[in-house]
Structures are given as C-alpha cells and as structure tokens.
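Peer 1: Below you'll find the structure I mean.
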Amino acid sequence: MAPTVLDGTALDPVRRWLLTTDQRGLADVYDELRAAGPLVPTPWGSLLVTGHRDCARVLTGRTWLTIGARWRDAHRPGWRHSPSTVALCRSALQTDPPRHARKRHLLTRLVAPRLLPRLEPVAARRAEECLRALDDRLRREGTADAVAAVCRPLPAAVLAELLDLPPVDLDRLGAAAHDYSRAAELVRTPGLVRRADAAAADLTDRLGALIDRHRRRIPPPRWCEPEPGDALDALLTLFGAGVVTTSALLGSVFLALLENPGAAARIGGDPGYADRFVDEVLRWDPPARVVTRVASAPAELAGTVLPEGRVVHVLLGAAHRDPEVFGDPHAFDPGRPPGRLLAFGAGAHYCVGAAVGRAQAVALARGLARRVPGLRLAAAPRRRTGPNFADLDHLPVAPRIPACFPRGRAEGGRP
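Residue numbers (full-length UniProt numbering): 1 to 415.
Encoded structure:
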C-alpha cells in the first residue's frame, strides 16, 4: 500500500528538524521522521526524503533536477535581484544537463584527484602549520577558537596552493565564502540574504579582478581558462562551496577527536585509522545536510508516484542514520563496516572536490591526534543555525595542564 504523504501528521517533527542542530538531538528527530514515513510532508508543500535508498535514488535519478534558474523564474519572481542567488544558479551546484557538463568539466580540470599529485603532502603541511599556530595561540592566550584558527583558514590555504593562485587575502575570501554559502540555506531570513548578497558581490569583484589580471599571462593559469565567466563560476563554486563544506568537515573532525580520545590514541599508533575515523565523521555529521531537487516528470519514489514539479528535500543526515544500512546508527563508531555515504552527493552532482576535502580531514585527524591528550573544550561549542548548514561556528579549546606544557608553565606566565 502506498504511503500517505499529505496527511499533515508529521508537522511537529518537521519543525523540530528545522530547529535542531546538535547531532545527538537530531537522533530522536530522525527517528520520528522515519516513523512518519519515507516521504514526510512539510508546511511549505514539499516532501522530506528520509531513507537511504530513496535519498540515493533522487540524487542519482535523471528525473530529479536542481532548483535552478528555470524553476526560480516560474516560482520565485524577483530572485534575479539577489546577487548571491544569481551566483548560486550559475554554479555547477544549481545547473542541470547539458550546461552542467561544461561547468563540471572545468572544475574537474582544476581539482580532479589524478591532476593533484601534491594533494596529500600539501594538506599535511598546511594542516601542521595551522595546528602549530593554534599551539602558539594557546601558549600566549590560554584559549583559542579552533574554527577560526584551523578549520576555516586551512581549506582556503590548501585550495590556493593547489591552484597556484597568486597572493590573495584568503581570510577575507574565506569569510565572504561562508556568508555567500548561506544563499543555499533552506530557511533564509532577510538579514541572511542581505549578508549573502554582499558577500557574493565581494567575491565576484575580487575573483573577477584576479582573473582579469592573470588572463594575459602566457600560458594563462589553468583557473583562468577558457572564458572569464566560466573561470569566475568555477572559482565561486570552489570557494563558496568547497571551502565552506570542507571547513564544516574539519570542525566536526576536531570536535569528534576531542570527544573520542581513544580514537585519537589509535590514530597516533595507526595513521591509516584516520581514514575510517573521517568516514564515520562524514556519516555522523555531514557537512551539508539537505539536497533539494524537483521532479521534471512524474516520478515514482518510495512506492508513490509524485507529480511533475514536486519538490523534495533529501535528508543526508537521516539517510546516514538509516538502520537498514548502518547498524546501531546513532552510535559514533569508526570501526563499523563501510557503508555507502552520501555526504559528497551521488550521481552527476557528486562533489568533484571530495578528495581534496577528505585529504584535509585525514591530515587534520593525524596531526591533531598527537595533541588531543593536551587539549580540552574550554566552553560549549556553538553551531550555525540549520537545517542545511549547521557547522560549528565556535569551538573554544584550552590546554589540559600540564599535558600541553610539560615544563610546567606556559609562555606569558600562565600556570
């Protein structure tokens, strides 16, 4: 019997899902949504997809398109007045075939794993630089925000080096990228949109000027080719999506190691264990939690035929807690058997920079594992509001005296 998807019985769990950001709190919410059915109605008329198999089917199915320019023209008049939404719809994230193939091809040329033999050593070296800077700040000040010191600067620095970008203000680009990324948030307040629009304009101006200055080089850098508009779209995607989601992953890795010192000790003795640890972090706390798609034709999903134009939200976090795919799904267990993760998407929109982000997470886990015995949380972490992006916005850490300073005193006279 086909499930009833429009009976309105699941509105309370939907509201809780919109407001809950903590992973442990989401465990109950995901169970409630799954109990409500594989397709859960929302007050705004779309459906939440909760099961792993159905989520994967939407992500890989050709019937399911992005919420791009064509859909917005029909359903969101005036959207072209928002620079951040326009930039988002020009990116590979919000385009569909055949235009998507061209945009993806350029991104693949820039960050495909086979073209990046320097990836692992660059990620390891940059991660160690950020961690040493964190060590110095802890010695000077006693506390530090790991997000500001490590998780946000690392992805921008790695990307700039891999692309051979000239010297740029990476701190400003990174900050603008985080504000711009909120254009893809499911729930957007007017203030959020204004910040995203200002950030998109700043990113466009700065990256556009960078491209213009270097297009005349012989040969031009590969990030300048083939056309200025294409190059700008690619850099906006890499900074506005790649840097932001990698920062989110790094924050989750940092917090998970602090909360699981036994795993840190194991990574210290077996660096290969860092790969399994990162995979479990990706399952437990995916950098982005929602992917929105619209049916371009009638489509069967979870035993129900959905009409053309029906919008669905793929809940990656719920898919990763599906007990039919992951045993004891609410337990954080890096030793679990591998399962099919959807954190980097699937199908035509699978993240071309997945290897870049994952390499940084593994490098951070290995470098941080040696420091975990000397670190502690200095206060409760703070997350951005979701439901799509709920990454750590503030992760205060402090030394665990005397482990962090074996000589007994920190620089600056702190005991």
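Ideal Cβ placement from N, Cα and C applies to all residues, glycine included.
From a predicted model like this one, the values you see are computed outputs, not experimental measurements.
1) Considering only the beta carbon of each residue, do A146 and L395 sit closer than 8 Å?
2) Note down the Cα distance separating L138 from A200, rounded to an integer number of angstroms.
3) Would you mind reading off the limits of the alpha helix (DSSP H) that contains R126?
4) According to DSSP, what are the bridge partners of D145?
5) Based on Cα-Cα distance, which residue from L375, A355, R383 and D230 lies nearest to R99?
6) DSSP puts W17 in a beta bridge; with which residues?
7) Determine the direct distance from the alpha carbon of R195 to that of D179, and round the result to whole angstroms.
8) Helix, strand or coil, according to DSSP, for V150 in the structure here?
9) Just to confirm the assignment: which complete alpha helix (DSSP H) runs, minimum length 4, are found wholly within the segment 276-322?
10) L232 and N388 - do their beta-carbons sit closer together than 8 Å?
11) Please report the straight-line C-alpha distance between P323 and P221, rounded to a whole angstrom.
12) Nearest to L250 by CA position, among D391, S82 and V290, is which residue?
13) Leaving out five residues on either side along the sequence, give the residues of the same chain with a beta carbon under 7 Å from the beta carbon of R384.
14) Measure the Cβ-Cβ separation of A359 and L119 and say whether it is below 8 Å.
15) At the level of alpha carbons, what is the spacing between G335 and L258?
16) Are the segment 264-273 and the segment 237-250 in contact at 8 Å, needing three or more beta carbon pairs?
17) Does the Cβ of P399 have 16 or more other Cβ atoms within 10 Å, making it buried, or fewer, making it exposed?
18) I need the straight-line Cα distance from H52 to L107, nearest angstrom please.
19) Let's test the definition: count the other Cβ atoms within 10 Å of the Cβ of I218 and tell me whether it reaches 16, buried, or not, exposed.
20) To the nearest angstrom, how far is the alpha carbon of L170 from that of A354?
21) Report the partner residues of P41 according to the DSSP bridge assignment.
22) Which residues share a DSSP beta bridge with R383?
23) Identify which residue in L48, A343 and V253 has its Cα closest to the Cα of residue 419.
24) Going by the beta-carbon positions, is the gap between V150 and A160 smaller than 8 Å?
25) Give the list of continuous alpha helix (DSSP H) stretches no shorter than 4 residues that lie fully inside the segment 186-229.
26) Using the C-alpha atoms, what's the distance from P337 back to G191?
27) Cβ of W17 within 8 Å of Cβ of L33?
28) Would you identify the three-state DSSP class for L249, choosing helix, strand or coil?
29) Could you say which of G262, D54 and V253 lies nearest to R152 if we only look at CA atoms?
30) If you run the structure through DSSP and keep just helix, strand and coil, what is R376?
Peer 2: Result, derived from the coordinates:
1) Numbered from its first residue, the sequence shown carries residue 146 at position 146. Numbered from its first residue, the sequence shown carries residue 395 at position 395. If you check the CB distance, A146 and L395 come in under 8 Å.
2) For the purposes of this step, residue 138 is taken as residue 138 along the sequence shown, with counting starting at 1. For the purposes of this step, residue 200 is taken as residue 200 along the sequence shown, with counting starting at 1. Each residue's CA atom was taken as its position, placing L138 and A200 some 34 Å apart.
3) As a working note, residue 126 is residue 126 in the sequence shown. Looking at the DSSP string, the run of the alpha helix (DSSP H) that includes R126 is L119 to E141.
4) Walking along the sequence shown from the start, residue 145 turns up at place 145. Looking at the DSSP output, D145 shares a beta bridge with P396.
5) Working through the sequence shown from its first residue, we reach residue 99 at position 99. Each of L375, A355, R383 and D230 was checked against the Cα of R99, and the nearest Cα belongs to D230.
6) Residue 17 sits at position 17 when you count from the first residue of the sequence shown. Bridge partners of W17: none, in fact.
7) For the purposes of this step, residue 179 is identified with residue 179 of the sequence shown, where counting begins at 1. For the purposes of this step, residue 195 is identified with residue 195 of the sequence shown, where counting begins at 1. In a straight line, the C-alpha of D179 is about 6 Å away from that of R195.
8) One-based indexing of the sequence shown puts residue 150 at position 150. Three-state DSSP puts V150 in a helix.
9) For the segment 276-322, the continuous alpha helix (DSSP H) assignments of 4+ residues that do not extend past its boundaries occur at 316-319, in sequence order.
10) Along the sequence shown, one-based indexing puts residue 388 at 388. Along the sequence shown, one-based indexing puts residue 232 at 232. Against a cut-off of 8 Å, the Cβ pair of L232 and N388 comes out as no contact.
11) To locate residue 323, count along the sequence shown from 1; it is residue 323. To locate residue 221, count along the sequence shown from 1; it is residue 221. Distance between the alpha carbons of P323 and P221: 47 Å.
12) Reading the sequence shown from its first residue, position 250 is the one you call residue 250. Minimum Cα distance to L250 is reached at D391.
13) Residue mapping note: residue 384 aligns to position 384 of the sequence shown, counting from 1. A390, D391 and D393.
14) Within the sequence shown, the letter at position 359 stands for residue 359. Within the sequence shown, the letter at position 119 stands for residue 119. Result yes, Cβ atoms of A359 and L119 sit closer than 8 Å.
15) As a position in the sequence shown, residue 335 is number 335, starting the count at 1. As a position in the sequence shown, residue 258 is number 258, starting the count at 1. The straight-line gap from Cα to Cα measures roughly 17 Å.
16) Touching, no, given that fewer than three Cβ pairs across the two stretches are closer than 8 Å.
17) Stepping through the sequence shown from its first residue, residue 399 is reached at position 399. Within a 10 Å sphere around the beta-carbon of P399 sit 16 or more other beta-carbons, which makes this residue buried.
18) Along the sequence shown, one-based indexing puts residue 52 at 52. Along the sequence shown, one-based indexing puts residue 107 at 107. Looking at the two C-alpha atoms, the distance is approximately 28 Å.
19) Within the sequence shown, numbered from 1, the residue matching residue 218 stands at position 218. The Cβ neighbour count for I218, taken over all protein chains shown within 10 Å, is under 16; the residue is labelled exposed.
20) Your numbering for residue 170 matches position 170 in the sequence shown. Your numbering for residue 354 matches position 354 in the sequence shown. Approximately 21 Å, taken between the alpha carbons.
21) Within the sequence shown, numbered from 1, the residue matching residue 41 stands at position 41. DSSP output for P41 lists L47 as bridge partner(s).
22) Translated into the one-based positions of the sequence shown, residue 383 becomes position 383. According to DSSP, which records beta bridges pairwise, R383 is partnered with L392.
23) This structure leaves residue 419 out entirely; the chain is present only between 1 and 415.
24) Here residue 150 refers to the residue found at position 150 when the sequence shown is read from its first residue. Here residue 160 refers to the residue found at position 160 when the sequence shown is read from its first residue. Against a cut-off of 8 Å, the Cβ pair of A160 and V150 comes out as no contact.
25) Runs found: 190-214.
26) Stepping through the sequence shown from its first residue, residue 191 is reached at position 191. Stepping through the sequence shown from its first residue, residue 337 is reached at position 337. In this structure, the alpha-carbon of G191 lies about 43 Å from that of P337.
27) Position 17 of the sequence shown, counted from the first residue, corresponds to residue 17. Position 33 of the sequence shown, counted from the first residue, corresponds to residue 33. Against a cut-off of 8 Å, the Cβ pair of L33 and W17 comes out as a contact.
28) If you number the sequence shown from 1, residue 249 lands on position 249. Of the three classes helix, strand and coil, the one that applies to L249 here is helix, per DSSP.
29) As a working note, residue 152 is residue 152 in the sequence shown. The shortest Cα separation from R152 among G262, D54 and V253 belongs to V253.
30) Here residue 376 refers to the residue found at position 376 when the sequence shown is read from its first residue. It is a strand residue.
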